[in-house]
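Just so we're aligned, residue 3 is where the sequence shown starts under the numbering used here, counting upward by one.
Idealized CB from N, CA, C, for every residue including glycine.
Note that this is a predicted model, so its numbers are computed, not measured.
Notes to accompany the following structure.
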Amino acid sequence: MSNERTPLVSSGVCGMTMAAATCGTVPDTPPDATSAMPSKEPRKLNTFFGVMVPTILSMFSIVLFLRTGFVVGHAGLLQGLLMVMVAYFIIALTILSICAISTNGAIQGGGAYYMISRSLGPEFGGSIGLMFFLAKVFACGEYVLGLVEAILDVFGKDAETSMSEGLRVLPQSYWYTVLYSSVVLLLCLLVCLVGAHIYSRMAFGILLLVSVSLLSIFISALAVKPLDFVISHTGPGNQTLRYNASYTSFNVTTLKNNLGSGYSLDYSTNSVMSFATVFAVMFTSCTGIMAGANMSGDLETPSVSIPKGTIVAVICTFIVYILFFLLVSATCDRTLLIQDYGFLQRINIWPPFVTIGIYCGALFAAMCSMIGASRILHALAVDHLFGLPLAPATITTRSGNPWMAVVYTWGLAQCVVFAGQLNAVASLVTVFYLLAYAAVDLACLALEWASAPNFRPTFQFFSWHTCLLGILSCLVMMFVINPVYSSGSIVLLLVLLLFLHYRSPTSSWGYISQALIFHQVRKYLLMLDVRKEHVKFWRPQVLLMVANPRSSCQLILFVNQLKKGGLYVLGHVQLGDLGNGNDSLPSDPVQQQYNFWLSLVDKLGVKAFVDLTLSPSVRQGTQHLLRITGLGGMKPNTLILGFYDSCTPEDFFLQDTAFCGTSAGQGTDGEYNFGVDLPSLQAHFPPVRHVESPRWLSPEEYVGIISDAIKMNKNVCLGRYFFHLEGEGKQSKVDGSERTIDVWPLNLLQPGCRDYQDVCSLFLLQMACVLNMSNKWRHARMRIFLNVETESSDQGWVVNEETFRELLKKLRIRASIKIVPWDSVVQHHAQTGTEDVEEQSHILSDHFLSAVNSMLTEHSSQAAVRFLYLPRPPAHHTHSQTYLAQLEAVTNGLGPTLLIHGVTPVTYTDL
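Right, dumping it as structure tokens:
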């Protein structure tokens, strides 16, 4: 996937337009105006140094040395082991997802962010990536505070006397803690600015020191004899509190006493602990499982190193934590565990062993979080998801180290240390990490559910069950730990998600949502059985044939209101033939046009599909589209055509601001048009037809299309004068309150026909009712005109009127009925004495047609749209021109008019 690291084309987020890099390149960083292009160093880190070492050290960190006693003292051994089991169960499920995603393709820099964004798309990737970055920042601050706490345990002045004694020379207070933390953060900053490779070289040395420290603790448990201590703390009102504590060495009584829980006051925060608060602190030891994944840009083979190194590291740390919990439970009484977090130094054969382990572990964990956070931030900046605020984070050194991202991270971590205490930020860190882990599980779950053929991870020990269980476990534990922080983090995530959804540019990474939608739509289409169709659930499914969108945009917009949640397809026939021999085309010209038509759909804001075909004739191409458009139960049942007349159409592109005045490549709302900019969209569609322009469609062929559709049991509509219709655009605020819909359900070209309840008339009423239910026509008034011969001796029209009113009541159609006497019109209708209705329609006089037009103009001149009965087309093609001339005469000068011929029953009066 050569363009997986291609920067996105900006949508103008925060007012800054970012340029896309050349397609096909895979740079770690883009060119920057303030720095030369870095000479990309080869990836150097292997599995051990790049994944195992940072993961082990991140998971040992300060919790192992400074909070093991805290956990066992408050929760007891049994609940402590339960916490370990739950924590490692959650991260084990997440690791399975990490391994699956990381072995499904090449991984670039950015670690977890890269995995999530390339799996779930920029919206989820950017929002979760930023949350994971914040988690790393808070973890960095937490580790620094833990390191300062350990330093003050050894070098801080006594809380009781505040006097310097021996090594205890450092003054203690809140502001001194912030000062010491700032110095430590500055040291981390300097190391991380040097780069990942010096950091990885230091890591192995630190791992050796931490291993020696751990070994000394296990040896001390066997070598050191029982000891008693007096521990003092400053309590409320600056009073000194003293506690008697003891180290008993291995003792069964001590173990029994430490089995149950004993939650009490935490001397560092002066708050009473609970299962949730203790678990939050304990879980911070499990937040290092992505330390190796975050170094993905520096690994030789990330798809091999990440799963192998992470699994081995987690197994090692799990064993050590279980042994540690058993060790302290059997050797130290509860008072010692609760009142002295640094008790391991007191009971070591040589206390500096533990001190060195704590300092090295905490310092490395802080640096690991800082460098991991900077890599995530750099990846976010390179992808241009947040625009101007993160733009400087793309700057790197010549060796590729994102030093500005490191500075960003250092500045935010500096804000975290103002919390002053490790336990104060533990809950927030844990919640952020759990949310990030849930996102990784969600990414893997989505890939698995999408069933995409290209999702073929070499790591096979996972399923959608493990992913789903991982998500639920993370979410449950988030709310157990802190419901307020959990709710706030989810709200923040949703805000970022919506922001990126509406403001982020289109990516070339692929959208998992598209794969999931395809998967579900296919299943539902198979379930949509055409044999189970019922008239009471009928809805219009429209194929609108468009010759040139420049002159058809208003009709396209109108039909979008008419579809009532049904299928809507824009059809177009390009004349030609792939052919054989000398006349054959080198490729299908239709395939290259889809992007232009889809961009047109985006511009107009209509919910329509596009279907194009290549055919020697428009009539044959329309037949193809009527047969093959749609799938299963979603196939067109109604064909809509523009009217065939000699009018010179108007160019809608010159009237609508959406089609003029915006920059190339971007739309009016900043959307990216998939390679189709506005000038190319305008150039693709030819100018509108002039009076002298040749017609590509003959009258006989046009009428033949109508006949073909009726033979194929499709309803037919002809739209005329819709270029006069206004207020149908997506920016229009029209609600229809000033509009009127006029319906003429009688076949006006056959005065002898008085059946208002035939299939065609009812279909016409249904379509008018459907339009009346749409957003822009919801408040429009609907009028139905009944033509009657009042001077006739037969007064049955009165009964017919009452019958029709009853019908409207049964059909739940709200409309006013207008009685229109048309005796003066009917008298112009020539009586031929023949019973052949079709023969009668061919000899309609000009006076009759003019009279019908005058009647329509008199009663419907102010209507926004008119629905008229479309007579059945003649059987013989020689009568096609006469048929069209009659329709043109009747509708001449009316304004927007829809001539409708329905062939399928669409109304239902029962439940």
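At the level of alpha carbons, what is the spacing between residue i and residue j?
i      : j      : result
SER856 : VAL827 : 9 angstroms
ALA327 : LEU83  : Per the sequence shown, the amino acid found at residue 327 is Phe instead of Ala. Each residue's alpha carbon lies about 7 angstroms from the other.
PHE2   : MET406 : Residue 2 cannot be examined here, being either before or after the span of the chain that is shown, 3 to 913.
THR242 : ILE233 : 10 angstroms
LEU477 : PHE463 : 23 angstroms
ASP590 : ASP613 : 14 angstroms
SER184 : THR460 : 44 angstroms
VAL571 : ARG722 : 19 angstroms
LEU699 : PRO651 : 16 angstroms
ASN106 : SER475 : 25 angstroms
SER891 : HIS849 : With the sequence shown as reference, residue 891 is identified as Ala, and Ser is not the correct amino acid for it. Taking the straight line joining both Cα atoms gives about 10 angstroms.
GLY567 : PHE51  : 58 angstroms
LEU498 : VAL431 : 19 angstroms
THR279 : LEU530 : 51 angstroms
PRO238 : ILE100 : 47 angstroms
ILE324 : LEU633 : 59 angstroms
GLY71  : PHE345 : 8 angstroms
LEU813 : PHE806 : 10 angstroms
GLN668 : SER601 : Low local confidence applies: a pLDDT of 44 at GLN668 is under 50, so the model's placement there is unreliable, and no value is given.
CYS446 : ALA225 : 49 angstroms
MET122 : ALA448 : Note on residue identity: the sequence assigns Leu, not Met, to residue 122. Rounded to the nearest angstrom, the two C-alpha atoms are 8 angstroms apart.
PRO701 : HIS879 : 9 angstroms
VAL537 : VAL690 : 40 angstroms
MET769 : ASN562 : 13 angstroms
LEU683 : VAL603 : 11 angstroms
SER276 : ASN259 : 18 angstroms
SER453 : ARG505 : 29 angstroms
LEU569 : PRO753 : 35 angstroms
DSSP three-state call for residue i: helix, strand or coil?
i      : result
ASN597 : helix
GLY158 : strand
LEU748 : coil
ALA368 : helix
ALA407 : helix
VAL214 : helix
THR893 : helix
LEU727 : coil
PHE611 : strand
THR928 : Nothing in the structure corresponds to residue 928, since the chain is present only between 3 and 913.
THR255 : helix
ARG816 : coil
LEU68  : helix
LEU530 : coil
LEU261 : coil
Note down, in chain order, each residue of its chain lying with its Cβ closer than 7 angstroms to the Cβ of residue i, except the 5 sequence neighbours on either side.
i      : result
ALA332 : PHE252, ASN253, THR256, LEU257
GLY738 : LYS778, TRP779, ARG780, HIS781, ALA782
VAL772 : PRO542, LEU564, LYS566
For residue i, which residues of its own chain have a beta-carbon under 6 angstroms away from its beta-carbon, when the five flanking residues on both sides are left out?
i      : result
SER763 : PRO747
GLN622 : none
ALA853 : VAL827, HIS830
For residue i, which residues in the same chain have their Cβ closer than 8 angstroms to its Cβ, ignoring the five residues on either side in sequence?
i      : result
PHE654 : PRO551, ARG552, SER553, SER554, CYS555, GLN556, PHE661, PHE725
LEU191 : MET372, VAL408, VAL409, TRP412
Determine which residues share a DSSP beta bridge with residue i and list them.
i      : result
CYS719 : ILE642, ILE902
SER273 : ASP268
ASN789 : VAL822
GLN576 : LEU616
ALA247 : PHE231
VAL544 : TYR570, THR640
ILE743 : MET784, VAL867
ILE334 : Note that residue 334 is Cys in the sequence shown here, rather than Ile. CYS334 is bridged to TYR249.
LEU633 : MET636
Would you check whether the ligand ADP has a heavy atom nearer than 7 angstroms to the C-beta of residue i?
i      : result
PHE687 : In terms of ligand content, the structure shown is empty, and the ligand ADP therefore cannot be addressed.
Next on the checklist: Using a Cβ distance threshold of 8 angstroms, determine whether the segment 134-147 contacts the segment 523-537, with at least three qualifying pairs required.
Outcome noted: Contact between the segment 134-147 and the segment 523-537 is absent: fewer than 3 CB-CB pairs across the two stretches fall below 8 angstroms.
Checklist entry - Should the segment 782-791 be called in touch with the segment 575-582, which here means at least 3 C-beta pairs below 8 angstroms? => result When Cβ pairs closer than 8 angstroms are counted between the two stretches, the segment 782-791 is seen not to touch the segment 575-582, the count staying below three.
Checklist entry - Is it a yes or a no for the segment 60-80 touching the segment 138-148, going by three-plus beta-carbon pairs under 8 angstroms? => result Yes, they touch.
Item to check | Three or more C-beta pairs below 8 angstroms linking the segment 432-442 and the segment 86-105 | outcome: Segment contact: the segment 432-442 against the segment 86-105, three or more CB-CB distances shorter than 8 angstroms; contact assigned.
Checklist entry - Is it true that the segment 629-647 meets the segment 712-722, where meeting means three or more beta-carbon pairs spaced less than 8 angstroms apart? => result As far as the Cβ criterion goes, the segment 629-647 touches the segment 712-722, which means the pair count is three or higher.
Checklist entry - When the Cβ atoms of the segment 306-315 are set against those of the segment 334-343, are three or more pairs found closer than 8 angstroms? => result No, the segment 306-315 is not in contact with the segment 334-343.
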